[in-house]
Structures are given as structure tokens and as C-alpha cells.
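*Asks:* So the protein sequences, as listed, match chains A and B. According to our numbering, the stretch in the first sequence is residues 1356 to 1834, in order. According to our numbering, the stretch in the second sequence is residues 8 to 102, in order.
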Amino acid sequence: MEWEVVVGLEIHVQLSTESKIFSGSSVRYGAPANTQANLVDLGYPGVLPVLNQQAVHMAIKFGLATQSEISARSVFARKNYFYPDLPKGYQISQYELPIVRGGHINISLDDGGNKTIRITRAHLEEDAGKSLHDDFHGLSGIDLNRAGIPLLEIVSEPDMRSALEAGRYMRKIHTLVRYLGISDGNMQEGSFRCDANASVRPKNEDKLGVRTELKNLNSFRFVEKAIDFEVERQISVLEDNGQVVQETRLYDSEKNETRPMRGKEEANDYRYFPDPDLLPVVIDKNLIDQLRRELPELPDDKWERFVAEYKLSPSEASVLISNQASADYFEVVAEASSGSAKTALNWMTGSLAAALNREDLAIEKSKVDPIDLATLINRAEDGTLSSKLAKTVFEALWEGEGTTDEIIQTRQLQQITDSNAIENLVEKVIGAHPEQAEQFRSGKNKVLGFFVGQVMKACEGKANPEQVNSIVRSMLKAQ
Amino acid sequence: MSLTREDVQKLCVLARLEITPDEMADVLAKLSDIVGLVSQLEAEDTTDVVPMAHPLDQTQKLRSDQITETDEHQLYQKNAPLVEKDLYLVPKVIE
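Set out below in C-alpha cells:
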């Protein structure tokens, strides 16, 4: 039987505020345990949560960027469950009236087409604390620094039909939230987390199959691998005439498998109700208009502009815009250099990418300033530098030897274009290799390359090889 | 509407409460009364009534995104029965 895969994702995005969603505690990552957990975060009796304005603004920006409806009136609810990292016994979240509803984003498919993935909702909520299961004499340690950190949970419709599409969607959301400046998207630090709902059904069947919820998917690759594994598992269960059980399963990246989480079956009754400690949040149109004006150029718009303005191929533009810092770097280089945008891109994907990889640096930490790279491209375009020397200058820039022009000056790397100077060199080289000169005259054209190589070596690569080539040729013939 | 014993047992699990078999009849009757009280609403036509999220006819004031709290964990941890390495210790909860 042919099966169709159905996937929906729930993505938790940590909003990059200074303080927590309902208290004035810091959200700085990596602080010593419990030093950023105060009375509201600890759920002491008598405290009141007060909503962080910035978190609301960030949620609205996400809604605007995904063509969603921003709820004029939105309500916080208590999601009740017991767990030691949740001191109040409930998580403040949103249920019936989330702040963002009914949007969509487009993902690109391998056939060059696009697919729209609908966003059901995005709601604000607080994060829980963290349990540490090291050896505390058979006990668990609880760090509540993370309790109360603002999250935006983005829930998609089950619109994805493969692990690949799920990965694309997740990456797209990841790029978007970083462009919007609402999250750093740091997956190692847990700022961007994903759960997947996956099911299968016979092809052409309308009814959805029984789904399982996959947790612990803390990288793009794990999302894809976990869904692939789970889909195979469900298909083999169904093909053995078994039934898929609706359950939560944990992905184990070391074994590349999913397995059921124990003890969660009963907990799935959260008894949501409106939180009496928080009044309804009213968002007026003026605020929405103001935030709309603050939106940066969004990834899709930038992609279109890069293709149109810089004549990049769709895939080149996609790679660039997926990281805003790369896109910004590219634009500075392309605007400041006289070469084509492709030249700028080639430098970025060649020497720059290699240097960044070598030292495991993000482009934000590049040791070569984009303006210096642009000047370097200009010096290669105007003939000051040969392409080989341009690479030398790049490495010198990386090592911090100065600006492009300073390096060319101090290292005396200007290309030799004076044909008299080159002729002198060629004459010396021919004089030193009479045997090869004889071979050329007897018809062995191949030795031409030998002479060009020797001349380039003699001038330390500072001459233009094409110019050297033609001079060598004419001088050998003239002899 | 009245609740069943199973409803009450489930609620006890969810609320982490233990009641003895002797207490069951009393708890069941009292909880059923409360549900019955609220159920009166079902007799009314609420088609055009906007659900009320809060009894106060006011909207939420927002605070500016500023850090106003300082580290007081030593003070707060005086209330905790067990603390080690600044962590609150609880019975093991590993999945």
C-alpha cells in the first residue's frame, strides 16, 4: 500500500526579552542556579504576574510577518499539571483566545515550487524550570532560572507531507524569528525547540491516521530523522494489521529511534481555565500599525530582491538569506565593490567560508570586514592584484595585517603590468632554459606553460598570467 | 448533572489528593452540588452572550521590559526543605 505522511509542528520560540514574561527577573542564559528565580517565578502565595509589554509586541510582530490575525482581545489561561519544575502547579499559557491566529508561511520544494503551510495559532506562555538528574543522593535538583522565561508557541496545521517539508518549515520559522529580532534561535541553549505530530494514512484517504507526538527534537536534523523513523514504525505497525497508539514518544538521537514516554498518559488533562490573576489583553489598531512599520525586510522579500537586484540564482539567494548576517555581509560587499554580485558571492562561499569554517566562526565574527573585502574585489577588478595575490591579501586581512590597501602597500603586492619589466623577466627565464626553448622551436607548444610558470615564480605571482603568456609566446617565436 | 465515583477518583489523581473510601460519598455529593450550581447556566440561552474571561471589566496593564529583581535565592531557599549546590532538591522525577 502507498502511504501518505502527515506532519504538524509545535515550535517553542524563546523571546529575546531582557526580563521574564510575568516578572522583573533577568533571563540571561547561563546564570548560576536559581539566582534569577524570584517570588513570582517561584510561585509564592500572594504574588501577581504582570505581563511584559515587549513579549506582547514580539508576538504581534510574528503574527504580522505571517499574515495572521492579531486578536484584539486575548486571554491567559492556566494549564494545570504537577511537575517539580513547575512551582505553581500550573503554567500560564493561552488557550481559547491566543494572541495570534490563522497565518501562513511558504516553504520551497525541491521541484522549484512553493507550498503554503498554515499556522493555526501562536500563543504566549511561560517556560518551566529545569530538572537536573545528577546524583543528589537519589533526588533531583531543580533550577528555576528558566521558569517564567517568555515563549511563543507556534502551532502549525498538519500541512506537511514529509520529514523534509517539516525541516523546511522549521528552518523557515527559525530564519523568520531571527529576522524579526524576537529570538536568538539558539538551539543549543534551548531558545528554539520543536515537537512534531506525525501520522500516516493510505494515499487518497481523507481521514487522518492516529498520530503520535514526538518530543526532544532539538535540531533540524533530529526533527527530520525522528519523523522518518516514526513514519517507518507506524507503517510497519499498520502493515502488520496493528494499530498506532496515540501517545507521546521521545526521540533518542544516539539510537535514532523513538520510544514511548512513560507516565504521561494521565497527565494529558490540563483543565485549562482563564487565569484570574491576569486581565484580558487588549491590543489596539494603533499599536499594530506601529509595529507593522517597525518590521524589517522579511526573508521572502529579501530573497526576491536579491534575485532581481543582484541577479543571484534562486538557490544562491536562498542560502544567503537563510542567515541574516550573511545577507547583510553580502549586501555591504556587493554595494561597495565595483565587481558583480556574483564575484562578491564567490568570495563569500570560497575564501571567506573556508576561513570561517577553519576557525569555526559565525559570519558575524568574521575577521575580514566586508568593506575590506569589497576593496579587495575592487583591486582585483582594476588590475592592481592578480587573482592569486588577491587570495594572499585575503589571508593577510584575516590575520589582521591592516586594510586591503595597507597590505598591498606594505607587502608590495601590486601586479606587475609594465610589459618592459615582464619582458626582462621572460628574457632571463628563456636564457636560463635553452633546452626548453629549443623544444618550443621544434614544435613542442606544451613547454609554453613551463615558461609561464617559471616567469610567474620569478615575479612571485605578481604578473598577470595571460600577459606573461603572450609575451613568452612572442619572444620565443622571435628568437 | 452529577459526578461519578470514577470522576472523583480521576480528579484526585490530577489534583494529587488522596481521599479515603469513607470520605468518598461526602466529596462526591459536595462536588456534584457545585457542578449542579454551575449547570444552571445550561438552562439559559447564551447564544449571543460573549464569554467572560474575567469578572472585572478592565484590561491588563503591561509592564516595561526591565529587570527589577535582584538575586535573593539564599533568602528564598531558607523555606526549602532541601537545598544543595543552590538547587531545590525534590524526589527523583526522571522519565
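By construction, the Cβ of each residue, glycine as well, lies at the ideal position given by its N, Cα and C atoms.
1) Secondary structure at Y1534(A), three-state DSSP: helix, strand or coil?
2) State the Cα-Cα distance for the pair M1616(A) and L1728(A), rounded to the nearest angstrom.
3) List the residues of chain A that D93(B) touches, going by C-beta distances under 7 angstroms, in chain order.
4) Drop a sphere of 10 angstroms on the beta-carbon of Q47(B), count the other beta-carbons inside from all chains shown, and report buried for 16 or more, exposed for fewer.
5) Give me whichever residues DSSP pairs with G1496(A) in a beta bridge.
6) Would you report the Cα separation of L10(B) and S1495(A), rounded to the nearest angstrom?
7) Excluding sequence positions up to five away, which residues of its chain have a Cβ less than 8 angstroms from the Cβ of G1457(A)?
8) Determine, for I74(B), whether the minimum Cβ-Cβ distance to residues of chain A falls below 9 angstroms.
9) Along the chain, where does the alpha helix (DSSP H) containing K1474(A) start, and where does it finish?
10) Can you name the residues that DSSP bridges to Q1446(A)?
11) Determine the burial state of Y1399(A): buried for a count of at least 16 other Cβ atoms within 10 Å of its Cβ, exposed for fewer.
12) If you follow the beta strand (DSSP E) that R1556(A) is part of, which residue opens it and which one closes it?
13) Is the beta carbon of R1604(A) closer than 9 angstroms to that of L1569(A)?
14) Please report the residue range of the alpha helix (DSSP H) in which G1786(A) lies.
15) Quick check: is the beta carbon of P1513(A) nearer than 9 angstroms to any beta carbon in chain B?
16) Applying the 10 Å Cβ sphere with the 16-neighbour rule, what's the burial state of A1414(A)?
17) Can you tell me whether P1725(A) is helix, strand or coil according to DSSP?
18) Buried or exposed, going by whether 16 or more other CB atoms sit within 10 Å of the CB of T1759(A)?
19) Quickly, what does DSSP pair H1459(A) with across the bridge? List them, please.
20) Jot down the residue ranges of each uninterrupted beta strand (DSSP E) in the region 1384-1411 of chain A, minimum 3 residues, whole runs only, in chain order.
21) Can you tell me which of F1417(A), M1515(A), A1787(A), A1663(A) puts its alpha carbon nearest to the alpha carbon of H1529(A)?
22) To the nearest whole angstrom, what separates the beta carbons of V1592(A) and C1549(A), a pair I think is in contact under 8 angstroms?
23) Against chain B, does G1757(A) count as a neighbour if the rule is that its beta carbon must be under 9 angstroms from one of theirs?
24) Would you report the Cα separation of K1783(A) and F1749(A), rounded to the nearest angstrom?
25) Going along chain B, which residues have a C-beta under 8 angstroms from G1379(A)?
26) Could you give the residue range of the alpha helix (DSSP H) that holds K17(B)?
27) Taking the alpha-carbon positions, what's the L1374(A) to R23(B) distance?
28) Taking 9 angstroms as the threshold (C-beta atoms), are S1371(A) and S1574(A) in contact?
29) Starting from Y1684(A), follow the alpha helix (DSSP H) in both directions and report where the run begins and ends.
30) Which of helix, strand or coil does DSSP assign to H1367(A)?
31) For Q1449(A), return the contacting residues in chain B, with the cut-off set at a CB-CB distance below 8 angstroms.
32) Closer than 8 angstroms between beta carbons: that is the criterion. Which residues of the region 11-24 of chain B meet it against chain A?
33) Do you know how far the Cα of N1389(A) is from the Cα of H80(B)?
34) Could you give the distance in angstroms between the alpha-carbon of I1366(A) and the alpha-carbon of A1708(A)?
35) In terms of residues, what are the limits of the beta strand (DSSP E) holding Y1606(A)?
36) When DSSP builds the beta bridges, which residues end up paired with K1570(A)?
*Replies:* In short:
1) helix
2) Each residue's Cα considered, the two are about 52 angstroms apart.
3) Chain A residues near D93(B): P1387, A1388, N1389.
4) exposed
5) Answer is L1487(A), L96(B), bridged to G1496(A).
6) Their backbone Cα atoms lie some 37 angstroms apart in a straight line.
7) S1423, E1424, R1473, I1474, T1475, R1476
8) yes
9) According to the sequence as given, residue 1474(A) is Ile; it is not Lys. Here I1474(A) belongs to no alpha helix (DSSP H); instead the beta strand (DSSP E) covers 1469-1481.
10) K1434(A)
11) exposed
12) 1547-1557
13) yes
14) 1774-1787
15) no
16) buried
17) helix
18) Residue environment: T1759(A) is assigned as buried (16 or more neighbouring CB atoms within 10 Å of its CB, all protein chains considered).
19) Residue pairing of H1459(A) in beta bridges, as defined by DSSP: R1473(A).
20) Runs of the beta strand (DSSP E) inside the region 1384-1411 of chain A: none found.
21) F1417(A)
22) With 8 angstroms as the limit, V1592(A) and C1549(A) do not qualify as a contact, their Cβ atoms being about 24 angstroms apart.
23) no
24) 31 angstroms
25) At a C-beta separation below 8 angstroms, G1379(A) has these neighbours in chain B: R70, Q73, I74, T75, E76.
26) 12-22
27) It should be pointed out that residue 1374(A) corresponds to Ser in this sequence rather than to Leu. Straight-line Cα distance between these residues: approximately 32 angstroms.
28) Contact: no.
29) Residues 1679-1691.
30) strand
31) Under the 8 angstroms cutoff, chain B gives no residues; its nearest Cβ is about 11 angstroms from Q1449(A).
32) K17, V20, L21, R23
33) 6 angstroms
34) 30 angstroms
35) 1603-1607
36) L1605(A)
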